[in-house]
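First comes the structure, then the notes that go with it.
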Amino acid sequence: MDLHLKESCECKYDAVSLGEVMLRLDPGEGRIRTARSFRVWEGGGEYNVIRGLSKCFGLDTAAISAFAKNEVGMLLEDLICQGKVDTSLIKWADTDGIGRVCRNGLNFTERGFGIRGALGCSDRANTAISKATSADFDFEYIFGKLGVRWFHTGGIYAALSEKSCETVVDAIKIAKKYGTIVSYDLNYRPSMWSAIGGIEKAQEVNKEVAKYVDVMIGNEEDFTACLGFDVDGNDNELKKLNLEGYERMINNVVEKYPNLKMVATTLREVKTATVNDWGAICWAEGRIYNSKRYENLEILDRVGGGDSFASGLIYGMLTTGDPETALELGVAHGALAMTTPGDTSMANRKEVEAVMRGAGARVKR
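Heads up, the sequence shown is in full-length UniProt numbering, so the first residue is 1 and it goes up one at a time.
Here it is in structure tokens:
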């Protein structure tokens, strides 16, 4: 599929993301409410995607974000550097001693097990990135001078504040001006939109964004809540949406937004918190592609599985241009990411490719 990708030789970065990077505090096998210690990771819906592109797939990436200039911000920077993501595009914001001016976001996340689902508790109001505007990032320089082949952002960042709603649209328009491919993960979170206008604001922003996007990622709730699509006019249908229903929904999205070159969604059936069926479908080149299904996939930590799917999909499109191969890379990478703790993938490219070929779980010595 021809996405008219810019050549590597004319761009400093294969991919950059725009979004919030939070400090994730993980109680391991326990609960947040009874924890006596936490393990820390970095994570964020948009960032997780490019972290996978750099650490797993070896591409040159950078994070566009903002941190409060304090010890927690420096910890986040150190974690990002471990993921081989360039931090030079991060804005450092002055703050006071207790975070009244701005702060860094925290995300407490427990993994879930069996009948107990995963649980997240965010603490991210008044963060540096939620207060940042387009003037804080020189998008003309990033996309016009440095050069970027692929730009990824999403609805979690857009929902942070009124300012982030405006900034995400500005960034996408400038990226498109310089021929950068834009992907966007709708990632609808009702609790995040509630303070700035609810579902009506989510639809206003995301319908504007959708006009400029090349690759749209989302599930059935994302498409209905963010873009106003109905599934046969029956909300209950969302609970039992089958493959045919997904295909119908995607075709409706493409008809509404003819600028889209690819639409992708993961397919997850939750049997327990630790056993899911997993797969994905995408639309490209006027047809639907269906991935291999991973039935009864055993999960250690499901958070970030969809983001790792996105990074595998993007890697596939950047390197092969083939939607079918890209889809399988995304599904395999997402599956592997959910076998390790933290928001981001610990897999490498060879492991992803082995899973695509049907490699088993025998001990390797």
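Here a beta-carbon is modelled for each residue, glycine too, at the ideal position from N, C-alpha and C. If you're wondering where the values come from, they're calculated on a predicted model, not measured in any experiment.
*asked:* In whole angstroms, give me the CA-to-CA distance for residue 147 and residue 63.
replied: 14 Å
*Residue ranges of each beta strand (DSSP E) within the region 62 to 113, 3 or longer*: 66 to 68, 91 to 93, 106 to 110
*asked:* Just verifying my parser: in three-state terms, what is the DSSP assignment at residue 51?
replied: DSSP places residue 51 in helix when its eight states are reduced to three.
*Alpha-carbon to alpha-carbon, residue 267 and residue 290*: Residue 290 and residue 267 have their C-alpha atoms some 10 Å from each other.
_Only counting the same chain, and skipping five residues up and downstream in sequence, which positions put a Cβ closer than 7 Å to that of residue 263?_
216, 250, 253, 254, 282, 283
*Around the C-beta of residue 115, are 16 or more other C-beta atoms found within 10 angstroms, so that it is buried, or is it exposed?*
exposed
*Whole beta strand (DSSP E) runs in the region 151 to 214 with 3 or more residues, listed along the chain?*
181 to 185
*How long is the line joining the alpha carbons of residue 163 and residue 85, rounded to whole angstroms?*
25 Å
*asked:* I'd like to know whether the C-beta atoms of residue 75 and residue 15 end up nearer to each other than 8 Å.
replied: no
*Just the Cα atoms here: how many angstroms apart are residue 238 and residue 227?*
Confidence is the limiting factor: at residue 238 the pLDDT is only 45, short of 50, which leaves the residue's position unreliable and the question unanswerable from this model.
*Excluding five sequence neighbours on each side, which residues of the same chain lie with their C-beta closer than 7 Å to the C-beta of residue 176?*
182, 212
*Report the residue ranges of all alpha helix (DSSP H) runs contained in full by the region 230 to 318; include only those spanning at least 4 residues, in chain order.*
243 to 256
*Among all the DSSP beta bridges, which residues are the ones paired with residue 13?*
Per DSSP, 148.
*Please check the pair residue 225 and residue 113, which I expect to be a contact at CB under 8 Å, by giving their CB distance rounded to whole angstroms.*
Between residue 113 and residue 225 the Cβ distance is about 28 Å, and since that is not below 8 Å, they are no contact.
*In this structure, does DSSP put residue 356 in helix, strand or coil?*
helix
*asked:* I'd like to confirm something about residue 191: is its beta-carbon nearer than 7 Å to some heavy atom of the ligand NAP, or not?
replied: Of ligands this structure carries none, so the ligand NAP is not represented either.
*asked:* Which residue wins for smallest C-alpha separation from residue 207, given the options 247, 260, 179, 180?
replied: 260
*Reducing DSSP to helix, strand and coil, say where residue 140 ends up.*
helix
*For residue 37, does the three-state DSSP call read helix, strand or coil?*
coil
*Hey, residue 43 and residue 304: beta-carbon distance below 8 Å or not?*
yes
_Burial state of residue 243, where buried means 16 or more other Cβ atoms lie within 10 Å_ = exposed
*Whose C-beta lies closer than 7 Å to the C-beta of residue 95 among residues of the same chain, with five residues either side of it excluded?*
68, 69, 70, 101, 102, 103
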